[in-house]
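What follows is one structure encoded as structure tokens, with my remarks underneath.
Chains as they are written, first to last, in the numbering used here: chain A, 23 to 182; chain B, 23 to 182; chain C, 23 to 182; chain D, 23 to 182.
Right, dumping it as structure tokens:
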């Protein structure tokens with residue numbers, strides 16, 4: 023079984039029609055798994071629902087503790103892209119012997135044209151086959167946690 | 023680099039608004055890779071554009087020959103689900119030393135609610151990491167070519 | 023209040039993933055009204071769910087009788103485009119003193135890129151403001167029942 | 023011919039994937055007209071691309087002047103919903119003898135689930151058939167400019 027931890031990020035941004043602004047509601051993960059007709063055995067838990075620019079060290083400690091304490095040894099984490107690498111570093115420092123794959127989206131799933139479903143299919147697959155370690159899965163590619171950075175100008179994850 | 027061979031199937035069915043029926047036009051693969059923001063190095067070639075129920079032995083011979091002759095050792099094939107297992111058998115008999123992943127969709131991509139993008143993300147990922155062999159990637163899972171069948175009643179691929 | 027009669031047509035075609043073919047299930051009308059955030063006071067009734075090429079004289083008699091017998095004087099009918107004009111003639115012969123607007127779609131609503139929502143918004147509007155008579159509303163335009171034909175080659179409704 | 027003036031609003035908000043925020047790019051009007059297969063004779067002109075909460079008196083003067091000076095006597099204006107009523111008042115004070123219909127959306131068109139296409143179909147239809155005057159067309163309904171307000175709590179336009 024694969025554990026999925028939801029932390030928010032662009033993946034789960036929705037449009038608040040009363041305020042006319044982006045916001046977070048419930049996660050779209052279950053709907054996405056249904057749309058993708060996923061038959062991967064998963065358990066989904068929402069840890070937080072935040073923009074990753076607002077994620078604190080305390081938030082990261084919550085993520086690390088959940089990775090350590092959960093029964094599953096294969097984990098996918100949905101996460102905002104802006105500080106995904108920073109969280110990967112925290113997990114690498116605190117979690118051993120598990121395969122942890124962080125993924126996200128450049129466009130909210132609630133928009134019709136999201137990369138989220140493609141990334142989710144890719145991340146769930148990497149989580150099944152990669153050896154223990156911490157990885158970032160974006161754009162169909164995967165990176166080891168300490169060999170990647172997000173280029174803020176282009177929005178693309180690049181190898182270090 | 024991963025070679026993608028397009029053969030048609032539900033993946034690429036479109037709605038012909040003059041005839042009011044399903045039909046095949048150009049493949050949606052490039053649009054799907056763009057939507058998924060894929061940065062996997064791929065080369066796409068359309069071999070045929072058929073419903074897999076109409077696929078002949080001659081068609082399968084074309085697929086096998088292309089798998090053998092292409093320079094790439096990692097291959098993804100989009101294919102109708104009804105005879106995907108049959109084609110996997112033909113490839114297993116004719117191709118050695120390459121990782122070949124067949125995938126498809128239950129709902130056409132041109133419909134808003136397709137599983138195609140999820141499956142494409144998963145198949146491209148399996149093709150990067152699995153050892154040489156012939157596999158079917160559907161629903162986020164993968165099956166060895168000789169240990170799977172499609173349940174025609176439920177539409178689901180099951181282990182043998 | 024506006025009465026909406028559903029008769030099927032491209033509007034309501036869905037993809038049957040087990041058979042890999044187009045089919046009719048429940049109507050998408052309530053979902054479309056919700057998506058459009060319609061606040062028009064309507065009552066929806068499904069009379070049949072057929073491809074308009076398969077519609078019989080008996081089917082048309084059912085439609086005419088429902089138009090005559092319903093309490094509302096303003097009616098929208100969703101209908102396949104191929105024989106929409108023929109049904110409009112039947113209604114014109116049998117219904118007096120009511121505003122009846124037939125509409126449809128060239129692409130099924132279940133596809134992401136349907137003209138159905140645009141046509142529904144237009145037809146509900148024409149039904150509110152046009153004087154008694156039988157009309158076809160397609161492409162944002164309206165035609166009196168006896169001054170229109172569908173061009174089968176282009177798929178477009180044209181004035182006679 | 024119907025003149026369409028674009029002023030921005032939720033209708034045309036897009037997601038800026040570099041900044042992770044809502045923004046305005048080019049208008050989606052031509053794409054929406056194509057999707058709706060509209061055959062209404064229209065000319066589209068973008069006057070501005072702003073959130074209606076940021077619209078100034080000078081902006082409204084630009085809209086009024088364009089309504090007065092354009093050759094067409096039937097006009098649709100896409101506009102943010104928050105100050106749509108205020109702009110309608112300005113137009114009513116400055117434009118005579120023309121049918122002006124303001125419309126908008128609660129959800130951006132770029133999201134998959136927008137009410138925009140329904141509203142556009144409705145607004146283009148009201149513009150064809152209503153007598154000279156200034157109207158707001160939302161939710162399939164229309165309101166005279168001085169008999170409507172937007173309920174900010176529910177997001178719904180209500181009669182005064």
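Just so you know, even glycine gets a beta-carbon here, dropped at the ideal spot from N, CA and C.
For residue j and residue i, the rounded distance between their alpha carbons
| i | j | result |
| --- | --- | --- |
| residue 38(A) | residue 45(A) | 6 Å |
| residue 25(A) | residue 60(A) | 14 Å |
| residue 103(A) | residue 31(A) | 7 Å |
| residue 182(D) | residue 139(D) | 26 Å |
| residue 174(B) | residue 141(B) | 19 Å |
| residue 177(B) | residue 177(D) | 43 Å |
| residue 57(C) | residue 153(B) | 46 Å |
| residue 55(A) | residue 28(A) | 13 Å |
| residue 87(D) | residue 172(C) | 41 Å |
| residue 137(B) | residue 23(B) | 24 Å |
| residue 99(C) | residue 40(C) | 30 Å |
| residue 151(A) | residue 151(B) | 7 Å |
| residue 47(C) | residue 47(A) | 31 Å |
| residue 53(B) | residue 53(A) | 23 Å |
Cβ distance (whole Å) where residue i is taken to contact residue j below 8 Å
| i | j | result |
| --- | --- | --- |
| residue 97(C) | residue 120(C) | 6 Å |
| residue 72(A) | residue 81(A) | 7 Å |
| residue 105(C) | residue 77(C) | 6 Å |
| residue 117(B) | residue 89(B) | 5 Å |
| residue 49(D) | residue 36(D) | At roughly 10 Å, the Cβ-Cβ gap does not stay under 8 Å, so residue 49(D) and residue 36(D) are not in contact. |
Whether residue i touches residue j by CB criterion (9 Å)
| i | j | result |
| --- | --- | --- |
| residue 4(B) | residue 179(B) | In the structure as shown, chain B starts at 23 and stops at 182, and residue 4(B) therefore has no counterpart that could be examined. |
| residue 132(C) | residue 95(B) | no |
| residue 155(C) | residue 114(C) | yes |
| residue 123(A) | residue 83(A) | no |
| residue 42(C) | residue 75(B) | yes |
**OP:** Compile a chain-ordered list of the residues in the stretch 41–71 of chain A whose CB is closer than 7 Å to at least one CB of chain B.
**Re:** 57, 58, 59, 60, 61, 62
Original post:
Is there contact here, the stretch 118–135 of chain B with the stretch 155–175 of chain B, by at least three beta-carbon pairs under 8 Å?
Top reply: yes
Original post:
Within the chosen definition, does the stretch 134–148 of chain D reach the stretch 63–77 of chain C through at least 3 CB pairs nearer than 8 Å?
Top reply: no
Original post:
If you pair each beta-carbon of the stretch 110–118 of chain D with each one of the stretch 161–179 of chain D, do three or more pairs fall below 8 Å?
Top reply: yes
**OP:** Pull out every residue of the stretch 94–117 of chain D whose Cβ sits closer than 9 Å to any Cβ of chain C, in chain order.
**Re:** none
**OP:** Taking a Cβ distance cut-off of 8 Å, strictly less, list which residues of the stretch 137–171 of chain A are near chain D, in chain order.
**Re:** none
Original post:
In chain order, what residues of the stretch 71–85 of chain B put their CB closer than 9 Å to some CB of chain A?
Top reply: none
**OP:** With 7 Å as the C-beta to C-beta threshold (strictly closer), list the residues of the stretch 24–39 of chain A near chain D in chain order.
**Re:** 32, 37, 39
Subject >> Under 7 Å (Cβ pairs) to chain C, residues found in the stretch 116–133 of chain B >> reply: 128, 129, 130, 132, 133
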